[in-house]
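A.B. asks: I have a structure here, written as structure tokens, and I will follow up with some questions on it.
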Amino acid sequence: MKMKKPELRQFNGFEKIEDYPLGTYYEAGFLTVTNDSYRSFDYFVDKDKCKNCLECYLYCPDGTIEKQDSYVSINQDFCKGCGICQKICSFDAIERKIK
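Mapping of the sequence shown onto the numbering used here: residues -7 to 91, in sequence order.
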């Protein structure tokens, strides 16, 4: 007997910024070991270029991107430095800087 596949609804995004979850990270202490000690660079968000589209926020595999009022910020303690956020940003708002 074959299992029936579940029906999936189309996700068309959120209508307003307030509908996004506060973070993709766990606030209860799941991220407990910092990653910044082995990286020779950090990623920073240029607040003037950031349009708060939240693409980087959604693509970050570690959930280290946090929403602010009109931009996002990167938690350097837990960022692994994969660079996905910089690659996905359509506005070139994320810069890599050597420590």
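Note that the Cβ used here is the ideal one computed from N, Cα and C, for glycine as well.
Is E47 helix, strand or coil when you go by DSSP?
C.D. replies: Numbered from its first residue, the sequence shown carries residue 47 at position 55. Of the three classes helix, strand and coil, the one that applies to E47 here is helix, per DSSP.
A.B. asks: Quick check: what's the CA-CA separation for C42 versus C77?
C.D. replies: Locating residue 42 in the sequence shown gives position 50, where the first residue counts as 1. Locating residue 77 in the sequence shown gives position 85, where the first residue counts as 1. For C42 and C77, the distance between alpha carbons rounds to 12 Å.
A.B. asks: Would you list the one or two residues that DSSP bridges to I57?
C.D. replies: If you number the sequence shown from 1, residue 57 lands on position 65. In the DSSP output, where bridge partners are listed per residue, I57 has I66.
A.B. asks: Alpha carbon to alpha carbon, what distance is there between G5 and D69?
C.D. replies: By 1-based counting over the sequence shown, the position of residue 69 is 77. By 1-based counting over the sequence shown, the position of residue 5 is 13. Spanning the two alpha carbons is a distance of roughly 29 Å.
A.B. asks: Any idea what DSSP makes of K79, helix, strand or coil?
C.D. replies: By one-based count along the sequence shown, residue 79 stands at place 87. Of the three classes helix, strand and coil, the one that applies to K79 here is helix, per DSSP.
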